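Here the structure comes first, spelled out in structure tokens, and everything after it is commentary.
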Amino acid sequence: MAKIQTPQAVRGTQDMFGETEERFAHVVATFERVRRLYGFKGLQLPVIEPTAVFSRSLGEATDVVSKEMYSFEDRGGDSITLRPEFTAGIARAYLTNGWQQFAPMKLSVHGPLFRYERPQKGRYRQFHQIDAEIIGAAEPAADVELLVMADQLLKELGINDGVTLQLNTLGDTPSRDAWRAALVGYFNDHKGALSEDSLARLEKNPLRILDSKDPKDRPIADAAPVIDDYLSGEAQDFFGAVTAGLDAAGVAWTRNAALVRGLDYYRHTAFEFVTDRLGAQGTVLGGGRYDGLIENLGGPATPAVGWAAGIERLAMLVDSPAERLDVVIAVEDDSLVLKGTAILIALRRAGFAAEAVTTGSPRKRYDKAVAKNARILFAIQLDQGNPSWTVRSKEVQADELAPIRQMVSDIISR
RNA sequence: GCGACCGUAGCUCAGUUGGUUAGAGCGCUGGUUUGUGGUACCAGAGGUCGGGGGUUCAAGACCCCUCGGUCGCCCCA
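Just add 476 to wherever you are in the first sequence, counting from 1, and you've got the working numbering.
Right, dumping it as structure tokens:
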């Protein structure tokens, strides 16, 4: 009989367990706590959307839509896509549920996203993000609130060290269009010196030449026209209000005039929290204002701003969260298994995380229990035919230990 | 989509210019010792060397294809 080949996990997906899973859960739990502090409502959204949700909002020509989406025809013949990002789906939900009545809305989501990309450090085909958006708020105060929340989140995760907030403005529509035209003209004049990748970008996404990594492009990109010279008075005031708000909140930032967004719907504020600890995937949290998106989906002109952060990337930066067992019980004689189980049940009902070691070589159960690394260790054994017990603990206050000792003592002696 | 490196036991790895029954540590199971916050020792289980094809008297080692991993490019969180 031919041996069956065990199927493998799909490329770029992960089975998270142990410390990896604990780090991941810690990031999500911290986000859930912080977003409540800022009054952001939670959302649960479908993982699948009509393909048009993304093709209309992101643009057919973008790499995400043209070559990275998991799209398929369902049994009814509709084109369905596994969401590659959150923002478009949130905007769709906002429109199809008539949430304009609640505007401005502060929303948060987290969950899996899917992109068909080559896996590398901090990048997967099924990856996970936390996401926060404010829809229907045109004021710079909304941008500031989101950034202050992001800053607090990173601080509470303990990863703000070595992470810097880079900030830029893309201006309002007239400013952005004028700047873009100037850039295209400038880069066309320097076509001969640009890298091959940047020549392609010149056709598809000229702003992206500004943050090219190719050393060949750097001198040209660094000398390119800057947005500041094209900003309308209104756009200037907007950006000034954002930076003033950040300063007032004590959030450190640096201006990065080369920071752009790939997607056309972005306006005004663009930002990234960047680290040097994740190799090529330096952006840990990024976002901006996308006043054009909801119109792209056929809705009314609606201002909005938001950010997203990769949970896997944050989890890699976070210190290993210590999830310690409260109590472990080493049952060193088989005749005491029922008593051990009774203690275990009592402890758990009293709110302690507890486990018992009752299997394997009786003589080695103590060693196994030690390996559980619990705060308190009970060993129960037979002493001249009578049940007895010993306790070891570390970093445990006497007033916490006393009732537990009593509980064990009562059960052993009854 | 492009490039580089890698794939031997559950895990981390060794395996000399191709050459007998493929090894170690950890982990696991059992035993002896110790009666202790990770004792020491003994024994055991566990591998179609990622998969397929080729070269050769002989392939874990060499070649080709393929699948996966890692790190870059592109793109992006």
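Cβ atoms here follow ideal geometry from the backbone N, Cα and C, with glycine treated the same way. Computed from a predicted structure; not experimentally measured.
Restricting to Cα atoms, I'd like to know which of Leu-739, Gln-873, Arg-731, Leu-754 is closest to Phe-747. Arg-731
Mark Leu-513 as exposed unless 16 or more other C-beta atoms lie within 10 angstroms of its C-beta, in which case mark it buried. exposed
Could you tell me which residues DSSP pairs with His-586 in its beta bridges? Ile-606
So, do the segment 777-794 and the segment 603-612 have three or more beta carbon pairs nearer to each other than 8 Å? yes
So Arg-677 and Ile-685 are in contact, right, with Cβ under 8 Å, and what is the actual spacing, rounded? 5 Å
Whose C-alpha, out of Gly-488, Lys-870, Glu-871, His-744, is nearest the C-alpha of Lys-597? Gly-488
What's the C-alpha gap between Ala-478 and Gln-484? Summary for Ala-478: the model assigns pLDDT 36, below 50, so the residue's position carries little reliability; its value from the coordinates is reported in the next sentence. C-alpha separation (whole angstroms): 18 Å.
Three-state secondary structure (DSSP) of Asn-849: coil
Inter-residue Cα distance where the pair is Ala-829 and Ile-821: 10 Å
With respect to the alpha helix (DSSP H) encompassing Thr-572, which residues constitute its N-terminal and C-terminal limits? 563-572
Count the other CB atoms, across all protein chains shown, that sit within 10 Å of the CB of Pro-691; report buried if there are 16 or more and exposed otherwise. exposed
Let me know if Glu-609 comes out buried or exposed under the rule of 16 or more other beta-carbons within 10 Å of its beta-carbon. buried
According to DSSP, simplified to helix, strand and coil, what is Asp-491? coil
Sort Ala-728, His-744, Glu-495 by Cα distance to Phe-714 and report the nearest one. His-744
Burial state of Thr-866, where buried means 16 or more other Cβ atoms lie within 10 Å: exposed
Do Ser-651 and Ala-711 count as a contact pair if the criterion is CB distance below 7 Å? yes
Using the beta-carbon count (16 or more within 10 Å), is Thr-835 buried or exposed? exposed
Alpha-carbon to alpha-carbon, Ser-864 and Gln-882: 13 Å
Which runs of the alpha helix (DSSP H) fall wholly inside the segment 687-715 and span at least 4 residues, in chain order? 694-698
Boundaries (first-last residue) of the beta strand (DSSP E) holding Arg-765: 759-765
In angstroms, rounded to a whole number, what distance separates the CA positions of Ile-566 and Leu-521? 8 Å
Measure the C-alpha to C-alpha separation of Ala-806 and Leu-853 and round it to an integer number of angstroms. 7 Å
Work out the CA separation of Val-750 and Ala-818 for me, nearest whole Å. 52 Å
Taking the straight line between their C-alpha atoms, what separation do you get for Val-529 and Arg-568? 7 Å
Let me check understanding here. Comparing Cα to Cα, which of Lys-815, Asp-673, Ala-626, Pro-779 lies closest to Tyr-570? Pro-779
Please state whether DSSP places Asp-619 in a helix, a strand or coil. helix
Cutoff 7 Å; reference Ile-888; Cβ partners in own chain excluding five residues on either side: Lys-815, Ile-856, Pro-863, Trp-865
Given this structure, state the Cα-to-Cα distance separating Asn-459 from Asp-673, to the nearest angstrom. A question about residue 459 goes unanswered here, because the residues of the chain that appear run from 477 up to 890.
Beta-carbon spacing of Leu-633, Thr-506 below 7 Å: yes
Can you say whether Leu-659 is buried or exposed, counting buried as having 16 or more other CB atoms within 10 angstroms of its CB? buried
Does Lys-479 come out as helix, strand or coil in the three-state DSSP assignment? Low per-residue confidence applies at Lys-479: pLDDT is 47, beneath 50, and the placement is therefore not dependable enough to give any value.
Taking the beta carbon of Leu-450 as the centre, do at least 16 other beta carbons fall within 10 Å, making it buried, or is it exposed? Any property of residue 450 remains undetermined from this structure, which presents the chain solely from 477 to 890.
Classify Val-486: buried if its beta carbon has 16 or more other beta carbons within 10 angstroms, exposed otherwise. exposed
Look at the alpha carbon of Leu-589 and the alpha carbon of Phe-562, and state the distance between them as a whole number of angstroms. 8 Å
With contact counted as at least three CB pairs below 8 Å, one residue from each stretch, are the segment 577-589 and the segment 539-548 in contact? no
Rounded C-alpha distance that separates Gly-764 from Leu-707: 17 Å
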